[in-house]
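In our numbering, the protein residues as written are 1098 to 1288. Below: one structure, written as structure tokens.
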């Protein structure tokens, strides 16, 4: 489902989304020991998705842009499951596995920023889901210093509702990253 595509663009997108959701479920439910010998094969599945040109992908299928965004969201959700399954603070292979994960997450961030700049109609719900899943993937990483180079983009993304409150609803992704003990920083409603 993830390596081959249907000729029908709509069917191909639905198949890809289903494939990523299935992979996410498998990574969450199967014992790590059963998957360890295939870890690099699994990790390579994200390479084709996050190595292309997102702008070209959206221009090619602009009417399906929200569906494409859903595929990216499902892929990031599967990446989060991969991180939770294989990357832990005391694992010996963290560096080998963490480097490609960081490349994929960094690409996802650039895709999000591109989508926000384009302001495509009817895309906000799909982009919001993509943003939240990407932030959850970053949060699943054992060490926040691993994505130190992405901190600026993450802060820019999380504070967008406060910088441009007129274009946003009354919620913020910033809550996901803040510690609950920092609740005194509220109110959460922009403006």
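Where is the CB? At the ideal position from N, CA and C, for every residue including glycine. These figures come from a predicted structure and were not determined experimentally.
Three-state class that DSSP yields for residue i in the structure shown
{"i": "residue 1134", "result": "helix"}
{"i": "residue 1104", "result": "coil"}
{"i": "residue 1147", "result": "coil"}
{"i": "residue 1210", "result": "helix"}
{"i": "residue 1109", "result": "helix"}
{"i": "residue 1114", "result": "helix"}
{"i": "residue 1120", "result": "helix"}
{"i": "residue 1099", "result": "coil"}
{"i": "residue 1242", "result": "helix"}
{"i": "residue 1217", "result": "coil"}
{"i": "residue 1141", "result": "coil"}
{"i": "residue 1199", "result": "helix"}
{"i": "residue 1258", "result": "helix"}
Segment limits, alpha helix (DSSP H) that includes residue i
{"i": "residue 1225", "result": "1221-1237"}
{"i": "residue 1172", "result": "1162-1183"}
{"i": "residue 1254", "result": "1248-1255"}
Inter-residue CB distance, residue i and residue j (contact presumed, cutoff 8 Å)
{"i": "residue 1230", "j": "residue 1180", "result": "Going by Cβ atoms, the distance from residue 1230 to residue 1180 rounds to 12 Å, so no, they are not a contact pair."}
{"i": "residue 1184", "j": "residue 1132", "result": "Not confirmed; about 13 Å, so no contact."}
{"i": "residue 1205", "j": "residue 1257", "result": "So it is not a contact: roughly 16 Å between Cβ atoms."}
{"i": "residue 1114", "j": "residue 1171", "result": "5 Å"}
{"i": "residue 1177", "j": "residue 1233", "result": "6 Å"}
{"i": "residue 1124", "j": "residue 1182", "result": "5 Å"}
{"i": "residue 1166", "j": "residue 1212", "result": "7 Å"}
{"i": "residue 1208", "j": "residue 1169", "result": "6 Å"}
Any chain C beta carbon closer than 8 Å to residue i
{"i": "residue 1174", "result": "Among the chains of the structure shown, chain C does not appear; only one protein chain is present."}
- Query: Does the stretch 1212-1228 come close enough to the stretch 1236-1247 to have 3 or more Cβ pairs within less than 8 Å?
  - Reply: Not touching, per the Cβ criterion.
- Message: When you compare the stretch 1193-1204 with the stretch 1251-1259, are there three or more beta-carbon pairs, one atom per stretch, that lie closer than 8 Å?
- Response: Counting Cβ pairs under 8 Å, fewer than three are found: no touch.
- Could you tell me whether the stretch 1133-1150 touches the stretch 1101-1108, where touching means 3 or more Cβ pairs closer than 8 Å? Not touching, per the Cβ criterion.
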